[in-house]
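Residue numbers (this note's numbering): 852 to 976. Here a beta-carbon is modelled for each residue, glycine too, at the ideal position from N, C-alpha and C.
This is the structure:
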């Protein structure tokens with residue numbers, strides 16, 4: 852009986868160690884999806900800063916193919932601008948962006964650029 856109990860403890864410990872290892876591996880993969888730098892306008896100066904230094908009130912400039920460094924409210928955008936939100940929402944088609952809110956739900960509204968989404972279409976001027 853004691854041998855069976857010992858076997859159950861060893862199997863359970865091994866199982867939880869594997870689950871913990873997988874969870875830590877997934878978390879490392881998720882952190883690699885976060886933008887590292889952001890181009891901001893602070894006090895009328897354009898500068899590149901680490902994304903973790905963004906604060907409320909920063910104006911963030913995004914370019915084609917760039918990952919959003921944070922959840923951003925869109926205040927100015929070209930009419931054909933689109934974001935790839937497939938990582939967050941599973942949508943296969945890029946989502947158009949607008950300045951005006953289109954929904955109360957943050958995942959559905961089009962006036963937010965969500966963290967880790969990509970700017971995939973914008974008109975070049």
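8 angstroms Cβ shell around residue i - same chain, five flanking residues per side excluded
| i | result |
| --- | --- |
| residue 960 | 952, 953, 954 |
| residue 905 | 889, 891, 911, 920, 921 |
| residue 991 | Only positions 852 to 976 of the chain appear in this structure, which leaves residue 991 out of reach. |
In DSSP terms, what residue i is bridged to
| i | result |
| --- | --- |
| residue 957 | Its beta-bridge partners do not exist; DSSP assigns none. |
| residue 888 | 901 |
| residue 866 | According to DSSP, which records beta bridges pairwise, residue 866 is partnered with nothing at all. |
With 16 other Cβ atoms within 10 Å as the buried cut-off, status of residue i
| i | result |
| --- | --- |
| residue 968 | buried |
| residue 871 | exposed |
| residue 934 | buried |
| residue 970 | buried |
| residue 973 | buried |
8 angstroms Cβ cutoff met for residue i and residue j
| i | j | result |
| --- | --- | --- |
| residue 901 | residue 912 | no |
| residue 925 | residue 885 | no |
Nonlocal neighbours in the same chain, by C-beta distance under 7 angstroms from residue i, ignoring five residues either side
| i | result |
| --- | --- |
| residue 946 | 933, 934, 936, 961 |
Nonlocal neighbours in the same chain, by C-beta distance under 6 angstroms from residue i, ignoring five residues either side
| i | result |
| --- | --- |
| residue 923 | 911, 964 |
| residue 942 | 936 |
Residue i versus the options, residue with shortest Cα-Cα distance
| i | options | result |
| --- | --- | --- |
| residue 880 | 942, 956, 938, 948 | 938 |
| residue 918 | 898, 855, 957, 966 | 966 |
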